Amino acid sequence: MGQTTILVAIILTIVMNAQSSFVAGDTPDSKVYVVYLGEKEHDDPTSVTESHHQMLWSLLGSKESVHDSIVYSYRHGFSGFAAKLTESQAQQLSELPEVVHVIPNTLYELTTTRTWDYLGLSPGTSKSLQHKAKMGSQVIVGVIDTGVWPESQMFNDKGYGPIPSRWKGGCESGELFNASVHCNRKLIGAKYFVDGLVADVGDVNRTENPEYLSPRDFSGHGTHVSSTIGGSFLPNVSYLGLGRGSVRGGAPGVRLAIYKACWLQSGVCSGADVLKAIDEAIHDGVDVLSLSLGSKVPLYSETDVRELTSVGAFHAVAKGIPVVAAAGNAGPMAQTISNVAPWILTVAATTLDRSFPTAITLGNNMTILGQAIFAGPELGFVGLAYPLSGDCEKLSANPNKTMEGKVVLCFTTETTVPPVINAITAVRDAGGLGVIIARNPTHLLIPTSNFPCVTVDFELGTDILFYIRSTRSSIVKIQASRTLVANYVATKVATFSSRGPNSISPAILKPDIAAPGVNILAATSLNDSSSVRGFSMKSGTSMATPVVSGVVVLLKSLHPHWSPSAIKSAIVTTAWKTDPSGEPIFADGSSRKLADPFDYGGGLVNPEKAAKPGLVYDMTTHDYILYLCAADYSDISISRVAGKATVCPNPKPSVLDLNLPSITIPNLRDEVTLTRTVTNVGPVNSVYKVVIDPPMGVNVIVTPTKLVFNSTATKLSFTVKVSTTHKVNTGYFFGSLTWTDNLHNVAIPVSVRTQMLQRYYDEN
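So, in structure tokens, the structure goes:
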């Protein structure tokens, strides 16, 4: 693999679900490619675009051909263009010295009340983070998603002052979206991008997939995300009577800029469109970018040249814009984490301390508490059946009427939604009255109002099955779900949340942080099939991402001069390792275990603590350049990305020395020494002492053991010497390194794997 291609594998690490490249267009052998040129050489956008046209003209030979070929010119945050090209033409462009890489366009997919109280983020006192940050009222967050449903009351601008004068964006009218009517002092920007999708697959098929050619949201995903970040206060909101309370975003005063780049109800996004949205957002003046999009781990080598959006993320972060993105929904298997670029804040999903227990009472008076979103009415004692097939995915509306008038029990080992949908459909079509699904925990509940679909685990499912087999006429009663908050409900990393370690760059810990992403109540489109009066409950790392984005908005408001890496550090180093009540956080999967950094990064986000971290592990673009140098990327490629001549130092730096708020050593054999630097953002005169909790079988020595800060010593470095006592290849063991002044505890996770036999795959 060439150096430039490898560079893309690191720089172009995305937050979206890369499925497959596709070939379409005017001719069978043409498709959309993104030609990435790195940092801009001109400040004038017109000159940047002219240089793109000139490059295409030199290849295609006429202005008409250039006009027909070009799809987008990326000219604000970085330089590049999207164009329809043949494979041969793309190859010719890739050989030009000014081209960093030519990347085939890709289709990507989206990953899809109580939250803020649970995290201790309350507007109730003048000392709270929300009050100190003025609800985020002077911060602009860019949301790249499926658009917005502007009529939702969560986007009303009552009490808002003028739009910040630095804002250079605007609103675009389109189908059922009037810019002068639907934008306001809260919803200050709304644009849509579809040319990349159209250039590759033709016009959007709105017969099979209803959609609006405008910023208006059809699916509701983008509306849900935006209202979670910054929705206005709305009292007495519930979903089918569950989860009742006041709904608000994390930063209720934030200004929202919506960039619709994902289309169709299935959540399809063109990489070229998403990249253009990032480019426009940088130009418009957003302060934070939120992308609720996640990916599966690349399963074939070609994917390292298909990963587009982290190009934009790199340039956004270089310009001081934090980028928050989803970890992906490919869990619970290891090495499924996406969006592994070190400059992005990657978010895993947890449950809340809230559940919806649903009482299942059997004819023998045994009551089992399952989980459902079932509004009722209560289903009195009716027949209970277990079909011969027994598997949820194999149920069908059989002609012998064994399911008619009964509740049906079935089992499934699948962790996805289709088996549940199949069971509901089959039982309902057969005249059944409800279904009980026995499965591993998935946290994916199907809302129902008059047909109960209750989930239990295999143990409880087996109890129900034993009862059915113990009697000739088994019966069951199912009550409506109720809301249970705090009492007895443990916080868990969701089964679907993608897990580390990082398969592309193992020394970079991912995810960075975790936040609630299960059964999150927020606004949605009225076209959303799960909408109840404009609200829905959704689950996914897509839902966890805006929770962290809301916290980032508040920190950006409170500390406007903090860099993206300082904000990331503050969030990671202050995170809870237990839930807010002090109970351990577990990780759901094929078996339940205590969560570790590959499940939740630094831990569960703690907004109030993140506002006062004490110390931060800060970085600049120069640090990321050294990181690329450490991975043997060419000076030419790095120079293009950085926008200035770059010569990597000799000897090359160590990847382990990237100043991250974590330490991950994937291949420890001989003793290694690495360096970290912390910046004091707390009291000027502070003394911190180190506390080490080493991974099992690993020796960790920190020098010095005490850091003394004053008015001149605001930034201090320390070394960490790590050695192993293990004599064989091991898995990862986890620990932590904490600096404390008895007021602040600045903790980073430490993950170490011993590899006595290097680059060895052990299947035993």
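Residue numbers (mature numbering (1 follows the signal peptide of the UniProt record, and there is no 0)): -20 to -1, 1 to 744.
For each residue, glycine too, the CB sits at the ideal point set by N, CA and C.
Given the structure is predicted, the values throughout are model-derived calculations rather than measurements.
Contact set for residue i: own chain, Cβ-Cβ below 8 Å, skip 5 residues either direction
| i | result |
| --- | --- |
| V528 | V304, L325, V327, I493, A495, I551 and V585 |
| L538 | L109, K112, A113 and A591 |
| E152 | A159, A170, K171, Y172, S194 and P195 |
| P629 | L606 and C609 |
| Q738 | N647 and R649 |
| F566 | A470, T471, K472, V473, R572, K573, L574 and A575 |
Span of the alpha helix (DSSP H), counted from its first residue to its last, around residue i
| i | result |
| --- | --- |
| R449 | F438 to S450 |
| I488 | Taken as a continuous stretch (DSSP letters only), I488 belongs to no alpha helix (DSSP H), as it is neither H nor E. |
| S617 | D615 to A622 |
| R408 | P398 to D409 |
| D259 | G251 to D264 |
| W37 | P25 to L40 |
| A502 | Looking at the DSSP string, A502 is not in any alpha helix (DSSP H); the run it does join, the beta strand (DSSP E), is I500 to A503. |
| A355 | No alpha helix (DSSP H) holds A355; DSSP gives it neither H nor E. |
| residue 811 | With the chain covering only -20 through 744, there is no way to say anything about residue 811. |
| D180 | D175 to V181 |
| I551 | P544 to T553 |
| T525 | T521 to L538 |
| G169 | Element bounds for G169: not the alpha helix (DSSP H) but the beta strand (DSSP E), L167 to Y172. |
| V297 | T289 to A298 |
| F578 | P577 to Y580 |
Same chain only: Cβ atoms within 6 Å of residue i, ignoring 5 sequence neighbours per side
| i | result |
| --- | --- |
| H263 | H56 |
| V3 | With a pLDDT of 30 at V3, under the threshold of 50, the predicted position of this residue should be treated as unreliable, though the coordinate-derived value follows. Cβ neighbours of V3 beyond the five flanking positions: K11. |
| Y192 | E155, L156 and F198 |
| A418 | F391, V436, F438 and G441 |
| W129 | D197, T203 and S505 |
| G5 | For G5, the predicted model reports a pLDDT of 36, less than 50, meaning its position is unreliable; a value from the coordinates is still stated below. So the list reads K11 and K64, once near-sequence residues are dropped. |
| H33 | V46 |
| E188 | none |
| G644 | Residue identity check: residue 644 is Thr in the sequence provided, not Gly. Here the set comprises A487, L489 and S731. |
Close-in-space but distant-in-sequence residues of the same chain around residue i (CB under 7 Å, 5 per side omitted)
| i | result |
| --- | --- |
| G514 | S132, A503, T504 and L506 |
| T626 | I605, D615, I618 and S619 |
| A555 | I493, G582, G583, L584, V585 and N586 |
| V469 | D333, R334 and S335 |
| D637 | L654 and T655 |
| S116 | The sequence given here places Gly at residue 116; Ser does not occur at that position. For G116, where only same-chain residues beyond five positions count, the Cβ hits under 7 Å are G210, A231, G233, V234, V533, L534 and S537. |
| G370 | C390 and F391 |
| D579 | A328, V473, R479 and A567 |
| T694 | T659 and N660 |
Burial state of residue i (16 or more Cβ within 10 Å)
| i | result |
| --- | --- |
| R452 | exposed |
| S68 | exposed |
| Y280 | Reliability fails at Y280, whose pLDDT of 36 lies under 50, so the model's placement of it is uncertain and no value is given. |
| Q71 | exposed |
| A310 | buried |
| L489 | buried |
| T86 | buried |
| Y741 | exposed |
| K518 | buried |
| P432 | buried |
| G149 | buried |
| G520 | buried |
First through last residue of the beta strand (DSSP E) which encompasses residue i
| i | result |
| --- | --- |
| I605 | First-last for I605: T601 to A610, but that is the alpha helix (DSSP H), not the beta strand (DSSP E). |
| P729 | N725 to T734 |
| D9 | Unbroken run through D9: none, as it is neither H nor E. |
| T718 | Y712 to T720 |
| Y239 | R235 to K240 |
| K589 | Premise fails: K589 lies in the alpha helix (DSSP H), P587 to A590, not in any beta strand (DSSP E). |
**OP:** Could you tell me whether the segment 287 to 294 touches the segment 251 to 258, using the rule of 3 or more Cβ pairs below 8 Å?
**Re:** Contact between the segment 287 to 294 and the segment 251 to 258 is present: 3 or more CB-CB pairs across the two stretches fall below 8 Å.
Subject >> 3-residue-minimum beta strand (DSSP E) runs that sit fully inside the segment 46 to 125, ordered along the chain >> reply: Segments of the beta strand (DSSP E) lying fully in the segment 46 to 125: 50 to 54, 59 to 66, 81 to 84, 87 to 89 and 120 to 125.
Subject >> Start-end ranges of the beta strand (DSSP E) lying completely within the segment 183 to 219, minimum 3 residues >> reply: Within the segment 183 to 219, the complete beta strand (DSSP E) runs of at least 3 residues are 214 to 219.
**OP:** May I have a chain-ordered list of the alpha helix (DSSP H) segments no shorter than 4 residues that lie completely inside the segment 300 to 343?
**Re:** The segment 300 to 343 contains no whole alpha helix (DSSP H) run of 4 or more residues.
Original post:
Are three or more beta carbon pairs between the segment 727 to 740 and the segment 704 to 712 nearer than 8 Å?
Top reply: As far as the Cβ criterion goes, the segment 727 to 740 touches the segment 704 to 712, which means the pair count is three or higher.
**OP:** Report yes or no: do three or more beta-carbon pairs, one from the segment 174 to 184 and one from the segment 49 to 65, lie closer than 8 Å?
**Re:** With a cut-off of 8 Å, the segment 49 to 65 and the segment 174 to 184 count as touching, because enough Cβ pairs lie within range.
Original post:
Looking at C-beta atoms only, is the number of pairs between the segment 344 to 363 and the segment 471 to 488 that lie closer than 8 Å three or more?
Top reply: Because the criterion of three Cβ pairs below 8 Å is not met, the segment 344 to 363 and the segment 471 to 488 do not touch.
Original post:
On the three-pair Cβ rule with 8 Å, is the segment 679 to 687 touching the segment 556 to 563?
Top reply: No: the two stretches stay apart, fewer than three of their Cβ pairs being nearer than 8 Å.
**OP:** Pair every Cβ in the segment 690 to 701 with every Cβ in the segment 657 to 667, then say whether three or more of these pairs are closer than 8 Å.
**Re:** As far as the Cβ criterion goes, the segment 690 to 701 touches the segment 657 to 667, which means the pair count is three or higher.
Original post:
What are the complete alpha helix (DSSP H) segments, minimum 4 residues, inside the segment 455 to 485?
Top reply: Counting only runs of 4 or more, we get nothing.
Original post:
Can you list the alpha helix (DSSP H) stretches of 4 or more residues lying completely in the segment 633 to 695, in chain order?
Top reply: If we require 4 residues or more, the segment 633 to 695 turns out to have no alpha helix (DSSP H) run fully inside it.
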